[in-house]
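Novice: First the structure, which I've put down as structure tokens, then a few questions once you've had a look.
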Amino acid sequence: MAASMDDFEPRVVLPGDSLMGHIPGELHGKMTLGPGLRQDETKIFSTKAGILKRKNPHTFWIDCHQKRYVPAKGDKVLGVVTQKAGDVFRVDIGGQSQAILSYLAFEGATKRNRPNVQVGDVVYAKLLVANRDMEPELVCIDSSGRSQGLGVVGSDGFMFRCTLGLVRRLLLKDCPMLKFLGEKISYEIAIGMNGRIWVRAKSIHTTIAVVTALTNCEFMSEDDMKKMLRKLVAAGFHDSRPKPN
Amino acid sequence: MTSNPENNSSVEIRPIGSLQSCISKPDGSAVFTQGDTSVMAAVYGPGDVKPNKALMDKATVTVTYKPKIGISGVREKALERMIRNTCETVLLTTLFPRSSVDIIVQEIQDAGALLACSINAACLAMINAGIPMKCTVAASCCMMGKDEELIMDPTKEQTKDAECVLTSAIDSSAHSLIASSMQGSCSVEQYHKLMSVCQKACDKVFEFYREAMERTLSKP
Amino acid sequence: MAGLELLSDEGFRLDGRRPSELRKIRLRLGVFDQADGSAYIEQGNTKALATVYGPHEVLGGKGKPLHDKVIINCQYSMATFSTNERKNRPQGDRKSTEMSLHLQRTFEATIQTHLYPRSQIDIFVQILQADGGNYCACVNAATLAIINAGIPMKDYVCACSSGYVNNTPLTDVSYLEESQGGPVVTVAMLPKSEQIALFKMDNRLHVDHLEQVLEVASKGCKDMYAVMNAAVKEHVSRMAKSMECS
Amino acid sequence: MTALSNLEEDFILKAIEESKRLDGRQPYDYRRTKIEFGVERGCCMVHMGDTRILAQVSCEVVEPKENRPNEGQLFVNLELSPMASTTFEAGRLSDYGIELNRLLERTVKDSRAVDVESLCIVAGEKVWKIRLDVHVLNHDGNILDSACIAALAALSHFRRPDVTVIGESVTIHSPQDRDPVPLNVHHIPVCVTFAFYHKGKRLLVDPTEKEEKVMEGTMVVGMNVHRELCTMQVTGSMLILKEQIIRCCQIGVVKVSELTELIKQALEKDKTARAEGKKFGFAESHPKKSITSKVIPEQTLDTSDVEDEVSRIMETAELPEQVSSKLEIKKPGLGQIGDGLTNSWLDDGDADEAEEEENGNSKEEDEMEGAIGSEDEDEEEEEEEEEKKMIVTKPKAKDKRKGKSKAYVSDSEEEETFTLDNADLDVIQGTKSQKLSEELDLTAALKKPSDKTKSRGNTRAKGGKKKWKKEQNIKDRP
Amino acid sequence: MAAEFKTAQPVEYYKQFLKEEVRPDGRELGEIRSTILNVGSISTAHGSALVKLGNTTVVCGIKGEFASPTVEEPKKGYLVPNVDLPPLCSAQFKPGPPSIQAQVTSQLVADTLLSSNLLNYEDLCIKEGNMVWVLYCDMMCLDYDGNIIDACLIALLAALRNVRLPVVTIDEDTGLAELSSTEDRSLNIVNQFAATTFSVFDDSILLVDPTVEEEDLATGLMTVIVTQDGRLCNIHKPGGTPLSTDQIQDCIGRAQTRAKEICSLIDDTLDSIER
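Protein chains in written order, with the numbering used here: chain S, 1 to 245; chain E, 1001 to 1220; chain A, 2001 to 2246; chain L, 3001 to 3478; chain H, 4001 to 4275.
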């Protein structure tokens, strides 16, 4: 298995490319296909243009710059409450249809004690149900009923939209961008897998700076990012007392 | 003034260019240029669909073609259907039941081979949007002049004295014909000749897609 | 400019008015029983009729009920016989739709919309005879109709137009004066606070003259207010009297 | 779908209070504005931040309007393309669309920016109609200002064909023949849109879409560089004071001169590029450095193997079979080929008119009442037998049905074809077979064609059929 | 049982038949429904024809009118084809503006007329730069059972061959056109053509002359238009299942045979009334 890892190189693929040549033969039949890959009879095809990647010998997927979110189970997303309907809230998470979020899916909520959620509020929630034939369903608690950081996002700060590719990059372990930014500016951030990011910094001024920095780094290499950040900081966008994040 | 400065020798295709994510609103967008012909396409989806248009087993694909001058009429409807069916063929619509994929194609400049350019723009926009597809599609246009000479990717001026103009769209996996449209007439043999040149030109477009994507994805 | 002298050397306009003079105004409230409120106004030869229905529950396809305020639905139409050439479409063309939109905006800004959430108010205005200042007549008529319907407003909305000829601003321009290509400024105003609910200007006017013309228009609005207020007072006292009698 | 959340709204409003904007602009700053021209005359693309507008001017010769016989026409149309936003529907103009259209029309047309009198060719007969199409391709706020820039730039860039009038004949010169002439643009009105916040206390120039969503109202100032106001409008459900209007006008003066300068520069640049024979047009203005763009120069295709390929196809292809299906003229003006599948239209009569026709024709008679003898019927039955044999390849045996079998019903277990029997035989009324240009009988043609011809004809309509069977692999996936 | 099976699983139902190389209506895969042509049935039109292709029925009427020619081509008259799919021909068409299918078919017919060089448009000239004939060719579907394009083109062609236009003389003095009541002439049709439509079932099986059911289930449609002498006039494939060159060649072959049949049908039918 380890040997087959070696000759794998991430590469650009287009929809319809057959991946037989790029995936070692001995893995066939026992691998996990991630987003962007499809099996037709015995062959494996890509369905998106992006970079074919691999994690541990069995898992393959395609990374691409996509804007439209397709709900996937377990994703943490940022959504906007658009409607209160009976026992549920309808939440726009940017997918093809609105997600539902039960009144009871909040920490400590009971039939009597309803959570204080208004139309237009932003919630950070986890997808409990997501498949193509059903409405996606959100929860703001984990299996033991704790919020774990999920729930209504505070009334200040700013939420903006970006591509899903950027979100995935920011969520990588030790994302250089967030780290580097954190060295200069202190801020809070919530990243939704659906391409929405909420940021709060000390002042409106710095929040705008963070938002600008994050949106700009979509098509930047690491060095460019650092350069841009330095410029930003030089332009006065930093706290007087930098704190460790 | 409108006479085209580009002088195509018989087997040359005009320069191809593209710009992806050219507009911010749609989920995917691209400008595709072939010489002076330029088309912008945008894709929204898979998104919300009106209940009366929803399909139970697959996504509803719509194409809106916008001419640059005037409002769209019968000719545009025919183009829309051609582009729509072509796109639907390559899209994996069954992955998104009860949703819509809306493709909007805007003519920016018509200097010949407009339909081919529209299909290419739509395909690149779909690639850019990251909607799952079976394969990609490319279209090219080839004409045969009065004395049987072949001109690839003709300009508007050149098509004026064409005996036959063939536009065909090819899929990238089997290199088979997805869509075809023809003006004028030719013999069967000439048709196959045109067709096979078109296929070669489409291969160039496929190569172009790849190079363009490699460039776009070069900075992860 | 067709060579028409809009302002004579003596300083009189074509219809004999002075530059700052309004046309003759006749108005009446409560002309119909059917409607919740109605009013009729004549400004010179421009004649407009306004009716108000509501507030009532949201009907028809005009959007969903709003959870925090009332929907105001305005419809402006011009009778087919209101102009010199017969008008084929009384409403629905671009200009009428624009006019309806403007009326809607004006009244959204002045009616106390927050008092009637999830409901709707319909304002229908009909121009019976058009002779310039159509928008103004409509606003004035609609204001009276709304008052007649008893719907609370922040203040009256009065509208007046003004033009600019030979370095002289004119108040309340007629069709003849409008059609000569000179600038026309239309203002809808709350006369007490001098807040402007709608302002528009057409044709060319040098920016330096704007203030002057605007001043004349707002003066016109206030004059309009005086007339309207008197009529309302008279109407109300008559109503009160008749109630006392009964 | 695109509704703003409360916190976004609050944030934007708070930022505005501190005179800050999301994109780092000052309140009275425009976004980066770029004007490009296409290869064609009168084609202009404007980028204002992320807002994108395409304008195209075109012309045609029309009859003038009755009340203005010596004026050309200018038609302004602004389209909110569904490309620009999901809220825009194709084909139908929303209230917002009408408002923008009217504002653009008032700015461009009512301010008499284009000299329409010079567009007259022959008074009362022929004038130019100039059509201005403005397409909104991407909506990120402030459509009007960018549309107005695009409109005026396109009108100034446009050239119409030159015309000469000699007596009654009008010659329209082709561009090769004579250089096209520009339109007479008197002045360039430009719109500046102000958005109001915090009860009119704060204003922003060039609002983005997000800023437009939280604003209270807008004020549009259309003005030219000579400080002449061309259109002004305050809309939105808000109240403002006279002083604010005046203030907006003053800011407008500065902005208008900036924008006018921008248009002039762009026109000048295009002019020099054309004059010097350099490349121009949109394709040239693609940002080449951007990684999302890609250009490949002219390529040559190797067509050497095309001939081989063509001959391969031509060789492997079977020659089309000769015409083999039976052609039959049933009576003058009524012909039929093929008898593969009959149609069930009007089959209640089931007139076997071919039969009659043949009889009728041979006897050259006008009336054909009840001419069918028992002989025919016998023949028919035989044919039915034959027919059965012929269709043995079909999965199930045919089930003969007596009487009227209506619309063809068939199912997998029991296939029913309908056949003729006595009851089906009907008689059509006499047809006058006459000379030319006679009126032929429609009803005859609408009747069901004969089933019987199958056996009578020599061959069946099977052109190229065999091959079809053979070569198609029939999948039978679960 | 079978009817239910057909309604619930139309694709499976068809597959069962096609496995045996026969279609549910009893045709073989390459078989075309019987074609009936009747010409000159409408005397108010200058030319008319009625075509039945299986159940699909199309009537085409041609009316000539005077018009002024375009400035660019002062000698040429023109044809205005229009395909009408009224609600009476099928439940799938609703009253109101023409359906998309009607528009698309009209456009295809117009394109085909343009590219086929069917007649010399200068024949339609009455007075150069002043007056020409414009022929309004209205094709109306009376019963819709698939393959409308083929039926329309046969009807159109037969109707055009059937056209008799009165001879027009222009009065020198008044400049008015006078129609001759006795003399008329027909059009000189140079080039005849016919269309053959193929549908692809389940991405694999090619069927000729699809019925409406087959069209609905089709994963792709292709129309091959061939002239009498075997030249290709159009290969119209508006998307759908990709086809290989060999498959296309097969279709062309089938279409060529069909075109010969149709042309002789038209010839013979017209001859029959011109005896």
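Beta carbons are placed, not taken as given, at the ideal position from N, Cα and C, and that holds for glycine.
Note down, in chain order, each residue of its chain lying with its Cβ closer than 7 angstroms to the Cβ of residue 4045 of chain H, except the 5 sequence neighbours on either side.
Specialist: If we look at residue 4045 of chain H and ignore the five residues flanking it on each side, its Cβ neighbours are 4061, 4062 and 4063.
Novice: Does chain S have any CB closer than 9 angstroms to the CB of residue 3142 of chain L?
Specialist: Taking Cβ atoms only, chain S never reaches closer than 9 angstroms to residue 3142 of chain L, which makes this a no.
Novice: Please state the DSSP three-state secondary structure of residue 3337 of chain L.
Specialist: In the structure shown, residue 3337 of chain L sits in a strand (DSSP, three-state: E or B).
Novice: Counting Cβ pairs closer than 8 angstroms, one from the region 118-132 of chain S and one from the region 70-89 of chain S, do we hit at least three?
Specialist: Verdict: yes, contact present.
Novice: If you measure between the beta carbons of residue 2120 of chain A and residue 2196 of chain A, is that distance less than 9 angstroms?
Specialist: The answer is no: Cβ separation not under 9 angstroms.
Novice: Could you tell me which uninterrupted beta strand (DSSP E) segments, each at least 3 residues in length, are contained entirely in the region 2177-2230 of chain A, listed from first to last along the chain?
Specialist: You should have 2184-2190 and 2195-2206.
Novice: Cutting at 6 angstroms between CB atoms, please list the residues of its own chain near residue 72 of chain S, excluding the five before and the five after it.
Specialist: So the qualifying residues of the chain are 130.
Novice: At least one CB of chain H closer than 9 angstroms to the CB of residue 3129 of chain L: is that the case?
Specialist: It does not: the Cβ of residue 3129 of chain L has no partner Cβ on chain H nearer than 9 angstroms.
Novice: Quick one: which chain L residues come within Cβ less than 8 angstroms of residue 2200 of chain A?
Specialist: Under the 8 angstroms cutoff, chain L gives 3231, 3232, 3233 and 3234.
Novice: Give the residues from the region 3237-3271 of chain L that approach chain A closer than 9 angstroms (Cβ to any Cβ), ordered along the chain.
Specialist: Listed by position along the chain: 3237, 3238, 3239, 3240, 3241, 3242, 3244, 3245, 3246, 3249, 3250, 3252 and 3253.
Novice: Can you give the Cα-Cα distance for residue 2214 of chain A and residue 156 of chain S, rounded to whole angstroms?
Specialist: Residue 2214 of chain A and residue 156 of chain S: Cα-Cα distance of roughly 42 angstroms.
Novice: If you reduce the DSSP assignment to three classes, tell me which class residue 31 of chain S lands in.
Specialist: If DSSP states are grouped into helix, strand and coil, residue 31 of chain S belongs with coil.
Novice: Going by alpha carbons, who is nearest to residue 1136 of chain E out of E:1052, E:1047 and E:1208?
Specialist: When only C-alpha atoms are compared, the closest one is E:1208.
Novice: Pull up the distance between the alpha-carbon of residue 2116 of chain A and that of residue 77 of chain S, whole angstroms please.
Specialist: When rounded, the distance between both Cα atoms is 37 angstroms.
Novice: Name the chain H residues that come within less than 7 angstroms of residue 1052 of chain E, Cβ to Cβ?
Specialist: Correct list: empty, because the minimum Cβ distance to chain H is about 13 angstroms.
Novice: Between residue 2232 of chain A and residue 2080 of chain A, what straight-line distance do the alpha-carbon atoms span, to the nearest angstrom?
Specialist: In a straight line, the C-alpha of residue 2232 of chain A is about 30 angstroms away from that of residue 2080 of chain A.
Novice: From residue 4192 of chain H to residue 4096 of chain H, what distance separates their C-alpha atoms?
Specialist: Each residue's Cα considered, the two are about 34 angstroms apart.
Novice: Going by the DSSP bridge assignment, what does residue 4179 of chain H pair with across the sheet?
Specialist: Paired residues: H:4168.
Novice: Got a sec: is the Cβ-Cβ distance from residue 3079 of chain L to anything in chain C below 9 angstroms?
Specialist: Structure shown: chain C not included; protein chains present are S, E, A, L and H.
Novice: Which chain L residues sit within Cβ distance under 8 angstroms of residue 1208 of chain E?
Specialist: Within 8 angstroms Cβ-Cβ: 3294 and 3296.
Novice: Could you check how far apart the C-beta atoms of residue 1028 of chain E and residue 1049 of chain E are, in whole angstroms? I think they sit under 8 angstroms.
Specialist: No, residue 1028 of chain E and residue 1049 of chain E are not in contact; Cβ-Cβ is about 18 angstroms, not under 8 angstroms.
Novice: Run down chain E in chain order and give the residues with a C-beta less than 8 angstroms from the C-beta of residue 4230 of chain H.
Specialist: Residues of chain E passing the Cβ test: 1187 and 1188.
Novice: Can the beta-carbon of residue 1130 of chain E be found closer than 9 angstroms to that of residue 66 of chain S?
Specialist: Contact flag set, yes.
Novice: Looking at chain H, which residues of the region 1062-1080 of chain E have a Cβ within less than 7 angstroms of any of its Cβ atoms?
Specialist: The residues in question are 1074, 1075, 1077 and 1078.
Novice: Classify residue 3044 of chain L as helix, strand or coil using the three-state DSSP reduction.
Specialist: The answer is strand: DSSP assigns residue 3044 of chain L an E or B state.
Novice: What first and last residue would you give for the beta strand (DSSP E) that runs through residue 2057 of chain A?
Specialist: Note, residue 2057 of chain A: beta strand (DSSP E), 2046-2057.
Novice: If contacts are defined as beta-carbon pairs under 8 angstroms, then residue 2100 of chain A and residue 2074 of chain A qualify, I think. What distance do you get, rounded to the angstrom?
Specialist: Rounded, the Cβ-Cβ distance is 5 angstroms, consistent with contact.
Novice: Is residue 3107 of chain L helix, strand or coil by DSSP?
Specialist: If DSSP states are grouped into helix, strand and coil, residue 3107 of chain L belongs with the helices.
Novice: Would residue 1191 of chain E and residue 4235 of chain H qualify as a contact pair, given that the criterion is a beta-carbon distance under 9 angstroms?
Specialist: Going by C-beta atoms, residue 1191 of chain E is nearer than 9 angstroms to residue 4235 of chain H.
Novice: Would you call the region 4083-4102 of chain H and the region 4179-4192 of chain H touching, i.e. three or more CB-CB distances under 8 angstroms?
Specialist: No, the region 4083-4102 of chain H is not in contact with the region 4179-4192 of chain H.
Novice: Between the Cα of residue 4139 of chain H and those of H:4049, H:4067 and H:4207, spot the shortest distance and give me the residue it belongs to.
Specialist: It is H:4049.
Novice: Looking at chain S, is there any beta carbon in it that lies within less than 9 angstroms of the beta carbon of residue 1214 of chain E?
Specialist: Output row for residue 1214 of chain E: interface = yes.
Novice: In chain L, what lies closer than 8 angstroms to residue 1106 of chain E by C-beta?
Specialist: 3054, 3081, 3083, 3135 and 3137, listed in chain order.
Novice: At which residues does the alpha helix (DSSP H) containing residue 3138 of chain L begin and terminate?
Specialist: Looking at the DSSP string, residue 3138 of chain L is not in any alpha helix (DSSP H); the run it does join, the beta strand (DSSP E), is 3126-3138.
Novice: Can you give me the C-alpha to C-alpha distance between residue 4215 of chain H and residue 60 of chain S, rounded to a whole angstrom?
Specialist: Using only the alpha carbons, I get a separation of about 40 angstroms.
Novice: Between the Cα of residue 1120 of chain E and those of E:1199, E:1053, E:1031 and E:1022, spot the shortest distance and give me the residue it belongs to.
Specialist: Closest option to residue 1120 of chain E, Cα to Cα, is E:1031.
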